[in-house]
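What follows is a set of notes on a single structure, which appears directly below.
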Amino acid sequence: MHESLRNTLRALKHGVPTANAVWHYIFSFSQDLTSTTGNAQVMGEVKRDGWRAGTVSASGWRPYDLTDSGSRAVIGRCCDFGVVTEGQDIFMTEEQKKYYNAMKKLGSKKPQKPIPRPTNEFQGFVFDCVTKQAFDIVIMILICLNMVTMMVETDDQTREMDKILYWINLVFIVLFTGECALKMISLRHFYFTVGWNIFDFVVVILSIIGMFLSEVIEKYFVSPTLFRVIRLARIGRILRLIKGAKGIRTLLFALMMSLPALFNIGLLLFLVMFIYAIFAMSNFAYVKRESGIDDMFNFETFGNSMICLFQITTSAGWDGLLAPILNKREPDCDSKMEHPGNSYKGNCGNPSVAIFFFVSYIIICFLIVVNMYIAVILENFSVATEESAEPLSEDDFEMFYEVWERFDPDATQFVEYSKLSDFADALDPPLRIAKPNMIHLIAMDLPMVSGERIHCLDILFAFTKRVLGEGGEMDMLRGQMEERFMASNPSKVSYEPITTTLRRKQEEMSAIVIQRAFRRYMIQQAMKKASALYKEQLKEGVRDPDKDVMVISKFNENSTSDKTDMTPSTASPPSYNSVTKSDKDKYEKENREKENKGKDLKDRKK
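In terms of full-length UniProt numbering, the sequence shown opens at residue 1 and continues consecutively.
Here it is in structure tokens:
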């Protein structure tokens, strides 16, 4: 893992005779850096042979004073870790990177309290209807049908067609308004806690306004058709319902990741265009209007200059703008032409300045800045594709917390141990552990707090490790993610684990063994008492059948108690009827034989 680092440091050691202390210092730090995944900065001094170590971090090492009498000065950094790869990834294997990425995804999430079902009977019925997936599918179908009706609309359609489309649009507005009303009735104030519901509410309000105030809006603002187009944006919700749309969601995720960088590139592009627009206004404002330069596309004002530069940025029609500027003498231009309100004369251009202007602008904006957009999007798309190819994605963790809401409706972040098996079976692959799963869950050794409850983060960590595999070096990463989770969820701090699922099972089995040993001891004691009583009766020569029945019944009580005292949560121990039954039958048989012999002796005496 550290071979390249060792080679670099070994070269430093042999190159500078007194670099021993620095070599050992940096190598020891590299080991610390491994355990902290590159996120460390150590400052210290190693005073040996006049050497001092400087600042060491994940980006490299810079010495403060590495001079020694008779030795060459060592300037620069020993190893630039950033050249190899990004900070914390340098000392991590592929499996560790997957585990680390999974930890980062779940570290920012926490269980959410589900919307409670209304106590009112009517509201509860509506709540059950609107929260079903079938209801969302019906709404998506209506949105698609609304999209089809907008597609058939043409510019030269008849009045009858206008009326038909008007009434169809009115029907859709009524349906969508009804959907909004049903959700507000059932969800109450929780309706406005969901982003999609707020968007639907705004779209419905705009649709109603556009329907009844269409003439006023079209006259003073925009066309009412725009409100219907905005309504179609709701079709984006279908991406959450269709699992096969994973590729589209990856593209959208890449676009969302690229937005900050694209905004910064846009600011850079605007700055370059601003500078070039001012320069063009100063040099090409009075160029003859021909070819690509006309009333709109010219360099006379700042706005028109920005439009021309935007056209050049797209690499379309820039030759038409350049041609009039290349005119420098008659008859192509008039060098004596006067411009009212200005002392400038002529409408000729400056070819050398024009060539420099266009070539430099095209290189900077089109070949560099614009292509940076493509580079950023491709880079983020590559990252999004890698994340989607990982064993665990954002959707898997969202699914985990959606299922968690059903088992923890109060958002306590804990679930009872008795419900753990059902919860593991209710998940979707790859986190799902199908029944029978108690052996798997016990083997995970999940921490338990008082009341036999398990925290959601402990369960999610264990399920994640099951999917990604065991990683002994990932315990520290888990600790970091757990600290971040507890910082945003202080409820877990007040609950300390008192046992684990594996320890609980061990204690349960230990109790069973102790119970079996105690019952076996009680049976042995009962057998000894019965045997002693039987021997006394044989010595006396007098047998009381009632006492025999009493001894047998007492013996049976001890043997049957072994079967009835077992706890329902454990397996029943082996029955002792097979042991006692043969002894009892033998005992009864001997009694019958002795009674028969006694009768025979009495008959003979008589």
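All C-beta atoms in this analysis are idealised placements derived from N, C-alpha and C, irrespective of residue type, glycine included.
These numbers were taken from a predicted model, which means no experiment stands behind them.
DSSP, read as helix, strand or coil, puts residue 449 in strand. One Cα belongs to residue 132, the other to residue 463, and the distance between them is close to 28 angstroms. Relative to residue 256, the option among 398, 457 and 383 whose CA is nearest is 383. Looking at 322, 275, 370 and 422, the one whose alpha-carbon comes closest to that of residue 292 is 322. Taking all protein chains shown into account, residue 183 has 16 or more neighbouring C-beta atoms within 10 Å of its C-beta and is therefore buried. With a cutoff of 8 angstroms on beta-carbon distance, residue 467 and residue 430 are scored as near each other. Judged by beta-carbon spacing, residue 273 lies beyond the 8 angstroms limit of residue 299, meaning their Cβ atoms are not closer than that value. In this structure, the alpha-carbon of residue 359 lies about 31 angstroms from that of residue 381. Per the Cβ contact rule, the stretch 494-507 is in contact with the stretch 440-449 (3 or more Cβ pairs under 8 angstroms). DSSP links residue 500 through a beta bridge to 447. The C-alpha of residue 340 is placed about 19 angstroms away from the C-alpha of residue 302. Residue environment analysis places residue 519 among the buried positions, since at least 16 neighbouring C-beta atoms fall within 10 angstroms of its C-beta.
In its chain, beyond the 5 residues on either side, 327, 328, 333 and 335 have a beta carbon closer than 6 angstroms to the beta carbon of residue 348. Collapsing the DSSP output to three states places residue 433 in coil.
Relative to residue 252, the option among 432, 113 and 385 whose CA is nearest is 385.
Residue 424 is classed as buried because its beta carbon has at least 16 other beta carbons within 10 Å across all chains shown.
Spatial neighbours of residue 318 in its own chain (CB-CB distance under 6 angstroms, excluding positions within 5 residues in sequence) are listed in chain order as 312. By the 16-neighbour rule on beta-carbons within 10 angstroms, residue 254 is buried.
Between residue 185 and residue 192, the gap from beta carbon to beta carbon reaches 8 angstroms or more. Counted as a single uninterrupted DSSP element, the stretch harbouring residue 366 is not any alpha helix (DSSP H), since DSSP gives it neither H nor E.
For residue 405, same chain residues with a beta-carbon under 6 angstroms away, outside a window of 5 residues either side, are 114 in chain order. Judged by their CB atoms, residue 201 and residue 279 are not nearer to each other than the 8 angstroms cut-off.
Taken through DSSP and simplified to helix, strand or coil, residue 288 comes out as coil.
Under the three-pair Cβ rule at 8 angstroms, the stretch 358-376 does not count as touching the stretch 388-403.
Secondary structure of residue 539 (DSSP, three-state): helix. In the same chain as residue 265, and ignoring 5 residues on each side of it, the C-beta atoms closer than 8 angstroms to its own belong to 369, 372, 373 and 376, in chain order. In the structure shown, the three-state DSSP call for residue 405 is helix. Under the Cβ criterion (8 angstroms, minimum of three pairs), the stretch 119-138 does not count as touching the stretch 155-171.
Counting along the chain, the unbroken alpha helix (DSSP H) around residue 171 starts and ends at 159-187. By the C-beta density criterion, residue 161 is exposed, having fewer than 16 other C-beta atoms within 10 angstroms.
In the DSSP annotation of this structure, residue 126 is not part of any beta strand (DSSP E); the continuous alpha helix (DSSP H) holding it starts and ends at 121-130.
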